[in-house]
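Notes for the one structure printed next.
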Amino acid sequence: MRSNPFLTSALTVLFGLPFVLLGLLALGQYWRFPDVLPPTYSVDALARIVSTDSGLGNGLLLSLTIATVVAVLSTGLGFGMARAVALANHPARWVTLSYLPYALPPVLLAVLIQPYFIRFHLSGSLMGVVVALMLLTVPFCTLFFRSFWSQQAIQYEQLSRTLGCSQLQAFRYVLLPLARPLLITCLFQSFLLAWFDFGLTNYLSVGKVRTLTVQVFLFVGEANSRLAAVASLLLLLPPALLLWLNKRAIVRRL
Numbered sequence: 001m002r003s004n005p006f007l008t009s010a011l012t013v014l015f016g017l018p019f020v021l022l023g024l025l026a027l028g029q030y031w032r033f034p035d036v037l038p039p040t041y042s043v044d045a046l047a048r049i050v051s052t053d054s055g056l057g058n059g060l061l062l063s064l065t066i067a068t069v070v071a072v073l074s075t076g077l078g079f080g081m082a083r084a085v086a087l088a089n090h091p092a093r094w095v096t097l098s099y100l101p102y103a104l105p106p107v108l109l110a111v112l113i114q115p116y117f118i119r120f121h122l123s124g125s126l127m128g129v130v131v132a133l134m135l136l137t138v139p140f141c142t143l144f145f146r147s148f149w150s151q152q153a154i155q156y157e158q159l160s161r162t163l164g165c166s167q168l169q170a171f172r173y174v175l176l177p178l179a180r181p182l183l184i185t186c187l188f189q190s191f192l193l194a195w196f197d198f199g200l201t202n203y204l205s206v207g208k209v210r211t212l213t214v215q216v217f218l219f220v221g222e223a224n225s226r227l228a229a230v231a232s233l234l235l236l237l238p239p240a241l242l243l244w245l246n247k248r249a250i251v252r253r254l
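Each residue of the sequence shown is one higher than the last, beginning at 1 in UniProt numbering.
Right, here's the structure in full:
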């Protein structure tokens, strides 16, 4: 199919404008209404990424660590739990329970579980944020892998066991290669869920775990548009990179 040059240009402008605007906000100085463009430019706000004063570098590393840990653990647990649900006597009941974390807004969910986090000394800690995010991502991954654990996948596993494979060998050499595209997609999706979360992280960490999303809202509240723009650019870089890698993987498969 031949692409439409006009549509391609329009979509490029549409999706590129936020990055351009954030770049202008990060580099521009003394940009006030009704000026169309900033009168002067400076890279001092970008230099704050490696500065310890702003905490942007630490926030980036913290967000990457939390999102990566949550994505890996949730994908693994969701894969196993989806298998357990498929083999359960009443799988529809467990599927319904998997939707319950999404029946409430994240902030309201954080309010409800905060007393338990305080009791178990998880409130205001990095471990508490990871556990809270997994309350959202593990059910998502379980629902995501529900389509994989069909009767065909279970029969493949049973056939490999009949031919002499152990449970570990069947999992490693039969199921994992079959589920590899889904595992990669679920890993990306759960990473993005944890990466962009604000409500659970901000409320349960009580301001002690300052991820990039928390810092963006802090800078906006302080009316510091330049640092807010820099933090927003850092927040958009991993999703853009994941989108590019996913596109390359799809093109390679085709």
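Glycine is no exception: its CB is placed at the ideal position from the N, C-alpha and C atoms. These numbers come from a predicted model, not from an experiment.
Per DSSP, the continuous alpha helix (DSSP H) segment holding E157 begins and ends at 151-162. Across the set F217, L168, F6, C141, the C-alpha of C141 shows the shortest separation from the C-alpha of M81. One Cα belongs to L37, the other to A86, and the distance between them is close to 57 Å.
No Cβ-Cβ contact shorter than 7 Å links L234 with L14.
Bridge partners of Y41 according to DSSP: G28. With fewer than 16 other Cβ atoms from the protein chains shown falling within 10 Å of its own Cβ, T162 counts as exposed. Cβ atoms of V230 and A26 come within 8 Å of each other, at about 5 Å. T68 sits in a helix when the DSSP states are folded into three classes. When secondary structure is reduced to three states using DSSP, P105 falls in the coil class, being assigned neither helix nor strand. A110 is not a Cβ neighbour of L193, given a cutoff of 7 Å.
Sorting N246, L46, A10, S150 by C-alpha distance to the C-alpha of P91 places S150 at the top. When only Cα atoms are considered, R180 and N246 end up about 13 Å apart. Residue state for G207 is assigned as coil, using DSSP reduced to three classes.
Straight-line measurement puts the Cα of F33 at about 15 Å from the Cα of L21.
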